[in-house]
Amino acid sequence: MPRARAKSPNSPGKIDCLELTSHSPDETQQLGRRIGELAMPGDIFLLVGSLGAGKTCLTQGIAWGLDIKEYTLSPSFVLIRELRGRLPLYHIDLYRLDRIEEIADLGLDDYLYGNGVCVIEWAEKGLSILPPEHLLIQISYLDDTERLFQLKPSGRRYLEMVNKLKPLAFTNQKGGSR
Ligand SMILES: Nc1ncnc2c1ncn2[C@@H]1O[C@H](COP(=O)(O)OP(=O)(O)OP(=O)(O)O)[C@@H](O)[C@H]1O
Ligand SMILES: [Mg+2]
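So our numbering is basically just the index in the sequence shown, starting at one, shifted up by 362.
Quick look at the structure:
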């Protein structure tokens, strides 16, 4: 698994940001799979990161964690893709949209407030109109194969989730935890 590090400058015992370094697409998918396994109806995962950061790669893992067998191709041409698994996965990609009105016009509420799991790529484009409770996943390019994942929970549900991901993230890690 990727290396994990919890940052909680404000309140001891509470995680403001969980940082993980992935060293390969496989590790990113493993992280996604764990997120998918922990996902509950109504969960919202906002993915932020530049072109090729690994948003779709992570989403593939989330899909597998939800028992979705199909390969999750980038939905860039399709704004919203629905995949069926343990829970429905709504894979949304805002890349092609520039104005907030266009995003509002998508009518995402049925997805966001439904019983499925929403994963939104390029979520920063719609942040002002997306639900305030979510798990923000920021992905930064470190080098060809390394990516920094910063998991920032907003709301109790996501704080709980990140707390569960922390020990999971350390599991199977070569050389133990840091
Ligand atoms: N540690 C890593 N995690 C994820 N992807 C990685 C990693 N190392 C290399 N890669 C490569 O980076 C690319 C990530 O592509 P991906 O489609 O997931 O990015 P994306 O963020 O969805 O991009 P886009 O903005 O175009 O949708 C893939 O080619 C993958 O093989
Ligand atoms: Mg993508």
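Positions of the beta carbon are idealized from the N, C-alpha and C atoms, including for glycine.
Inter-residue Cα distance where the pair is residue i and residue j
| i | j | result |
| --- | --- | --- |
| R443 | P450 | 10 Å |
| P387 | D471 | 31 Å |
| E522 | P515 | 9 Å |
| L400 | Y457 | 27 Å |
| W426 | M402 | 14 Å |
| G411 | T418 | 11 Å |
| Q512 | G469 | 28 Å |
| Q391 | Q422 | 6 Å |
| G478 | P493 | 15 Å |
| I499 | D506 | 19 Å |
| D467 | D460 | 12 Å |
| E432 | L393 | 18 Å |
| G476 | G404 | 6 Å |
| D378 | E464 | 31 Å |
| G553 | H453 | Lying before the first or after the last residue shown, residue 553 is absent from the chain, which here runs from 363 to 540. |
| E389 | G398 | 14 Å |
| G488 | G416 | 19 Å |
Beta-carbon proximity check, residue i vs residue j, cutoff 7 Å
| i | j | result |
| --- | --- | --- |
| L420 | E483 | no |
| L474 | G447 | no |
| I380 | V524 | Per the sequence shown, the amino acid found at residue 380 is Leu instead of Ile. Yes, these two residues count as a Cβ contact at 7 Å. |
| L497 | F407 | yes |
Rounded distance between the beta-carbons of residue j and residue i, thought under 8 Å
| i | j | result |
| --- | --- | --- |
| I462 | S502 | 24 Å between Cβ atoms; not a contact. |
| L527 | R395 | Not confirmed; about 11 Å, so no contact. |
| L424 | V481 | In the sequence as presented, Leu is not what sits at residue 424; that position holds Ile. The Cβ separation is near 6 Å, so the contact holds. |
| S384 | R509 | 5 Å |
| E495 | G517 | 3 Å |
| D455 | L441 | 6 Å |
Those residues which DSSP pairs with residue i across a bridge
| i | result |
| --- | --- |
| D455 | E483 |
| L420 | DSSP lists no partner for L420. |
| Y520 | None; Y520 has no bridge partner. |
| Y503 | R509 |
| V410 | Q500 |
| T390 | Answer by DSSP bridge pairing: none, since T390 is not bridged. |
| K514 | L498 |
| I442 | I454 |
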